[in-house]
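Below you'll find the structure, written out as structure tokens, and then a few comments.
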Amino acid sequence: MIKSIQTKEYAHFVEKLRKARLEAGLTQVWVAKKIGRPQSHISNIESRQQRVDIIELKRFAKLYGKAISYFLK
């Protein structure tokens, strides 16, 4: 069984997350500080080494000025 983190669907989700951060003009360091995590945490998420939970997704959406639904399309 393929882990969901390795699916094309999850790769698409993570790419939208990364793209939204860049469109908002934010660095991984700034986002990490805002959510109280190390920069490596953001990097691990964006490189699909770590999953995003729903609470983090809410925080990212707010910081990036996007609705949660944006990431799930």
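Okay, so the sequence shown: first residue is 17 according to our numbering, each after it adds one. Idealized CB from N, CA, C, for every residue including glycine.
Item checked: DSSP-derived helix/strand/coil call for S63 -> coil
Note to self: Below 8 angstroms on the Cβ atoms is my contact criterion, and I expect V30 with I61 to pass it. Report the Cβ-Cβ distance as a whole number of Å.
What the structure shows: 7 angstroms
Check: With distances taken between CB atoms, is the gap from R67 to I51 smaller than 9 angstroms?
Finding: no
Notebook entry, point to check: What do you get for L38, buried or exposed, if any count of 16 or more other CB atoms within 10 angstroms of its CB means buried?
Noted result: exposed
Item checked: Beta-carbon proximity check, K32 vs K89, cutoff 9 angstroms -> yes
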